[in-house]
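Chains as they are written, first to last, in my numbering: chain A, 5 to 337; chain B, 5 to 337; chain C, 12 to 222; chain D, 12 to 222. The next block holds one structure in the form of structure tokens; read it before the comments.
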Amino acid sequence: MKKLINKPEDVVKEELEGIAKAHPDIVKVFFNPNYIVRADAPVQGKVGIVSGGGSGHEPMHGGFVGMGMLDAACPGEVFTSPTPDQMLEATKAVNGGAGVLHIVKNYTGDIMNFEMAAEMAQAEGIEVESVVIDDDVAVQDSLYTAGRRGVGTTVLAEKICGAAAEKGYDLKKVADLCRRVNANGRSMGMALTSCTVPMKGEPTFELAEDEMEIGIGIHGEPGRERMKIKPASEVVKLLAEPVIEDLPFKAGDEVLAFVNSMGGTPLIELYIVYNELAKICEARGLKIVRNLIGPYITSLEMAGVSITLLKMDDEMKELWDAPVKTPGLRWGV
Amino acid sequence: MKKLINKPEDVVKEELEGIAKAHPDIVKVFFNPNYIVRADAPVQGKVGIVSGGGSGHEPMHGGFVGMGMLDAACPGEVFTSPTPDQMLEATKAVNGGAGVLHIVKNYTGDIMNFEMAAEMAQAEGIEVESVVIDDDVAVQDSLYTAGRRGVGTTVLAEKICGAAAEKGYDLKKVADLCRRVNANGRSMGMALTSCTVPMKGEPTFELAEDEMEIGIGIHGEPGRERMKIKPASEVVKLLAEPVIEDLPFKAGDEVLAFVNSMGGTPLIELYIVYNELAKICEARGLKIVRNLIGPYITSLEMAGVSITLLKMDDEMKELWDAPVKTPGLRWGV
Amino acid sequence: MISKDAVLAWIRTLADVYHENRQYLTELDSPIGDADHGINMDRGFQKVLEKLPGVEDKDIGSILKTVGMTLVSTVGGAGGPLYGTFFMRAGMAIDAKEELSAEDLVTMFQAALDGVIQRGKAELNDKTMVDAITPAVEALREAVSSGASLSEALSKAAAAAEEGMKATIPMLAKKGRASYLGERSIGHQDPGATSSYLLFKTAYETWGQAN
Amino acid sequence: MISKDAVLAWIRTLADVYHENRQYLTELDSPIGDADHGINMDRGFQKVLEKLPGVEDKDIGSILKTVGMTLVSTVGGAGGPLYGTFFMRAGMAIDAKEELSAEDLVTMFQAALDGVIQRGKAELNDKTMVDAITPAVEALREAVSSGASLSEALSKAAAAAEEGMKATIPMLAKKGRASYLGERSIGHQDPGATSSYLLFKTAYETWGQAN
Ligand SMILES: Nc1ncnc2c1ncn2[C@@H]1O[C@H](COP(=O)(O)OP(=O)(O)O)[C@@H](O)[C@H]1O
Ligand SMILES: Nc1ncnc2c1ncn2[C@@H]1O[C@H](COP(=O)(O)OP(=O)(O)O)[C@@H](O)[C@H]1O
Ligand SMILES: [Mg+2]
Ligand SMILES: [Mg+2]
Ligand SMILES: [Mg+2]
Ligand SMILES: [Mg+2]
């Protein structure tokens with residue numbers, strides 16, 4: 005294992021120390037339990053937005069705390085859902101009296117831990133709404149299973165709902181908007197290499213020099229199918245088509261196109277992927293009206309990409325464009 | 005070689021197509037010769053700033069074109085300096101009548117190609133100043149050699165000088181400022197893995213599973229020394245101490261600390277590195293007044309980091325904080 | 012009867028067992044999960060070891076509830092709420108007791124299982140820890156009600172847990188992270204079912220041998 | 012005398028030679044450079060091949076200047092300006108000629124070398140292409156002035172270039188990318204000196220054998 009870390013068991017703690025030192029103007033970091041809140045939390049009268057999940061997906065979620073996006077993030081151990089006590093403390097810290105939205109990615113652990121936290125927060129008199137993001141079309145959806153994973157759409161939901169809360173939307177409106185974003189977003193990812201969980205010290209899976217894995221999750225979960233590597237044009241087709249057909253996205257739709265690095269894939273390749281994605285969207289009559297290109301929801305140092313399309317309406321566009329000031333996403337301010 | 009590309013020889017062309025499609029609001033991309041200019045170029049009466057270099061360092065330089073930073077960037081083939089015709093066209097395209105600054109990283113190829121371009125531009129009546137960035141302390145400096153490489157300080161110089169030009173500084177003042185930034189910036193990098201040049205198809209060098217290379221360049225150039233991997237705290241010491249001692253940075257100095265990913269190292273590790281760097285700076289009495297953390301001057305998918313410290317004065321701080329709107333760096337607008 | 016000391020010994024041994032099996036459980040969690048189950052269980056039980064001295068003189072119910080709460084706040088993932096609930100419900104079920112009869116054990120583990128099912132909503136054959144815990148509790152109840160010795164009853168529970176664990180191999184996962192894999196989850200042993208088997212095995216080894 | 016066709020043949024063969032040696036030159040550029048010298052030279056000369064038909068009926072000077080300008084605008088890196096200058100100066104030195112004498116060759120290559128030195132400011136023993144070109148031009152001049160046949164003179168130039176190229180192995184680089192390596196540049200053959208050797212070797216093989 006080759007990583008710029010000290011002891012594997014200290015990775016999350018030291019990362020948080022780094023964040024605390026780097027961005028005191030934007031966030032405050034708390035330890036034991038670990039959570040990150042906006043420097044000016046709680047914002048009185050504003051709906052608070054809390055998200056969280058395992059670490060290893062940076063900048064998500066901690067890097068999205070700040071004006072116009074999240075009020076707090078709860079980082080778990082690497083790839084391990086955080087615990088209810090973190091979420092409870094974060095929820096209390098950002099409650100400005102207008103209630104708190106939990107944005108939860110659809111993983112059994114995240115769901116159960118956030119559920120326990122919401123119960124506890126409600127017991128303390130804080131109004132909590134939870135929205136589950138489940139946008140990964142690589143996974144078969146079904147009532148009888150855990151359903152789809154939450155991936156790229158989470159970032160977009162956090163930005164859009166963060167702007168809505170900043171604008172004064174009430175809890176129910178922010179939660180409904182979040183569900184609408186989730187209902188209109190679809191993602192799929194692939195890996196060229198595995199990631200290595202620091203505490204495990206070895207790659208989660210092995211891919212031969214000429215293999216890739218399609219439909220991968222963001223925790224090194226195996227994907228839909230392993231196959232020989234292909235040119236970017238074909239890889240993008242393998243990702244984009246299931247995404248487009250699932251919603252389905254239709255000619256004339258306005259979309260946000262999000263090309264995400266899994267951590268080890270550099271920007272030069274992301275632009276090549278974006279170029280292919282733009283061609284496919286054009287051929288299908290989808291109009292890309294916004295985009296996001298970079299490493300925003302990563303899987304440690306995994307090489308690979310994910311593609312997310314979000315069908316946008318005017319409200320979402322306006323909220324997407326609204327000012328945001330976080331360590332990981334910033335504009336307009 | 006595992007990359008999300010189509011044909012190796014099309015990498016730069018398709019990357020540029022992707023950039024053109026992704027950011028039409030910020031940049032215009034020209035082909036044959038290849039260069040990227042601000043969408044609103046030339047800005048009349050403003051000093052134009054042009055940089056360039058081999059591709060494979062994204063977002064540098066193309067990702068730094070836009071309001072408050074570069075007016076144009078000339079991307080060469082991967083790791084290969086661009087050619088004078090690109091630079092000449094870019095220089096003409098951004099000349100708003102106040103002259104053009106060429107920010108050149110100190111590599112023989114870049115120097116010679118920019119020199120030829122400057123001669124040609126001057127022959128066409130455009131006033132051109134050139135500033136060479138040579139901040140890499142891993143390389144022994146000497147009058148009799150090619151001197152030091154230009155690395156991380158380039159990004160900082162582009163931001164600061166871009167803001168100065170935007171504010172109306174004249175050509176000589178922008179160039180002097182650029183020299184001052186270069187004189188006050190020092191960098192050093194390291195690699196955990198090699199990068200693979202697409203056209204070569206194989207890693208430039210081989211590192212064993214337990215080895216790292218200290219003092220690496222941004223083109224896969226071998227470094228100062230190969231050694232066993234060490235904890236982040238020691239690695240950061242190996243980078244930061246030569247950087248600090250070279251200027252030298254002294255107790256009480258205000259610095260910008262820039263922790264850069266070489267492309268394959270994810271943000272979680274960068275924050276651990278930043279945490280260590282902040283400790284060292286604190287122990288030495290250096291005051292980190294600004295920071296930049298992320299993949300800004302990369303070496304394809306190489307895993308590793310570089311550290312840059314820039315001694316800042318009030319003017320630099322103000323210019324650093326000024327609004328910038330580029331695909332790769334954005335705030336205040 | 013199982014003394015409070017025996018309960019404490021079980022928990023301490025369990026911490027050792029999860030520590031020893033950290034890598035093994037994590038490996039099981041690699042092909043069909045995210046390679047952390049052993050790490051998570053170990054982190055949680057090491058924290059439990061730290062917390063134990065502070066509650067040793069309380070009753071068994073309080074001790075088990077503390078174990079559960081500690082797991083909830085240190086394990087994370089799916090394992091944290093599930094095993095946390097397991098021990099909290101176990102503790103609530105036997106309340107202020109200072110020693111446990113065989114019947115108490117049945118009540119306790121049944122309550123623990125009910126908690127896991129309520130929290131995780133998994134059914135039998137979903138390829139989860141429920142597939143190991145359910146047969147273990149059933150075997151325990153049957154053995155106890157048919158008058159078997161505690162040792163025999165625990166031995167049967169452990170054996171049933173082991174069988175349940177192995178039975179997860181051919182299953183197609185319906186819950187948890189493995190379910191994302193669909194058909195590709197088949198052929199792998201469920202890590203959570205394995206940690207549950209270890210829990211019953213350790214109970215047998217700690218309580219059964221002595222009784 | 013060397014006809015214009017022979018000059019064109021030299022350039023075309025050179026394009027083939029650089030294409031064949033693309034990987035080799037790139038490998039040489041890996042330990043002490045950035046692994047692109049062969050790729051760069053090949054890209055440049057393939058473009059030259061495309062451009063040649065348009066200037067074939069011009070004089071030799073114009074043809075060489077076109078080669079130089081094409082290299083400048085397609086090779087990039089250090090190789091582009093250096094080989095670009097090499098060919099532009101070569102073309103300027105012999106101007107509008109339609110064939111070249113042995114003396115013209117000396118003049119031409121000397122001018123090319125001067126251009127390279129002026130552009131790159133390298134001295135002998137800096138471990139660059141100058142270390143191959145300089146002895147080649149000297150050997151050529153000496154052979155020509157001592158009345159050797161063109162074939163013999165070119166053979167000597169190629170041999171001197173080869174020796175100069177090999178002599179770069181133990182050198183410590185002072186210019187170009189290899190200089191960043193300091194002591195670690197020792198023990199590696201310079202890629203630019205190698206491409207320069209190939210240039211003279213190809214001149215001998217194209218012009219020498221026939222004459
Ligand atoms: N809904 C559920 N009900 C019961 N057990 C579950 C459920 N989901 C997952 N599990 C169990 O949890 C185990 C995985 O635990 P762990 O690796 O700690 O959590 P995570 O999957 O969040 O990484 C699985 O092997 C399975 O036995
Ligand atoms: N200043 C210089 N003068 C003469 N030749 C040089 C100089 N700098 C570099 N070279 C030559 O250029 C070669 C490298 O060319 P190339 O790989 O194309 O460029 P780059 O180093 O920019 O990648 C070196 O092997 C060396 O022979
Ligand atoms: Mg997990
Ligand atoms: Mg080069
Ligand atoms: Mg797991
Ligand atoms: Mg080179």
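From the three backbone atoms N, C-alpha and C, an ideal C-beta is built for every residue, glycine too.
Beta-carbon within less than 6 Å of residue i's beta-carbon, same chain only, minus the 5 sequence neighbours each way: which residues are those?
i        : result
Leu60/C  : Ala26
Leu92/A  : Ala121, Met124 and Ala125
Cys78/A  : Tyr39, Gly56, Pro86, Gln90, Met91 and Ala94
Ala184/C : Lys138, Ser190 and Ser196
Phe262/B : Gly156, Leu296 and Thr312
Lys109/B : Gly57, Ile137, Gly154 and Thr158
Give a yes or no on whether the C-beta atoms belonging to residue i and residue j are separated by under 9 Å.
i        : j        : result
Ser196/C : Lys138/C : yes
Pro86/B  : Gly80/B  : yes
Asn264/B : Val293/B : no
Ala46/C  : Ala143/C : no
Ile53/A  : Val159/A : no
Arg152/D : Val127/D : no
Val104/A : Glu128/A : no
Glu229/B : Gly219/B : yes
Gly332/A : Met64/A  : yes
Ala167/B : Ala287/B : no
Ile233/A : Glu18/B  : no
Ala150/D : Ala170/D : yes
Gly102/D : Lys76/D  : yes
In or out: residue i buried (at least 16 other Cβ within 10 Å) or exposed?
i        : result
Pro202/A : buried
Tyr191/C : buried
Asp145/A : exposed
Pro28/A  : exposed
Met12/D  : exposed
Ser156/D : exposed
Lys11/B  : exposed
Glu273/A : buried
Ser41/C  : buried
Tyr148/B : exposed
Gly22/A  : buried
Asn36/A  : exposed
Asp257/B : buried
Can you tell which of the options has its C-alpha closest to the C-alpha of residue i?
i        : options                                  : result
Pro207/A : Ala127/A, Lys241/A, Leu304/A and Val15/A : Leu304/A
Glu173/D : Val141/D, Gly158/D and Val155/D          : Val141/D
Gly223/A : Pro331/A, Arg153/A, Val54/A and Asp180/A : Just to set this straight, residue 223/A is His in the shown sequence, not Gly. Closest option to His223/A, Cα to Cα, is Arg153/A.
Met266/A : Gly193/A, Val277/A and Leu333/A          : Gly193/A
Leu251/B : Leu271/B, Ser191/B and Ala97/B           : Ser191/B
Gly88/D  : Val41/B, Asp114/B and Leu74/B            : Asp114/B
Tyr215/C : Lys58/C, Thr85/C, Ala133/C and Leu165/C  : Leu165/C
Gly221/A : Val98/A, Lys232/A, Ala142/A and Trp324/A : Ala142/A
Near residue i, what residues of its chain come up, given a Cβ to Cβ distance below 7 Å and the 5 sequence neighbours on each side ignored?
i        : result
Lys329/B : Ile30, Gly70, Met71, Gly72 and Val337
Gly49/B  : Gly100, Gly101 and Ala102
Ser237/A : Glu280
Glu109/D : Lys15, Asp70 and Ile71
Leu135/C : Val141, Asp142 and Thr145
Ala179/B : Leu105, Glu133 and Val135
Between residue i and the rest of its own chain, which residues show a CB-CB distance below 8 Å, the 5 nearest in sequence each way excluded?
i        : result
Thr200/B : Met5, Lys7, Glu206, Pro207, Thr208, Leu304 and Glu305
Could you please go through the chain and list the residues whose beta-carbon is closer than 5 Å to any non-hydrogen atom of ligand 6?
The answer, residue by residue, is Asp40/D, Gly44/D, Asp45/D, Asp47/D and His48/D.
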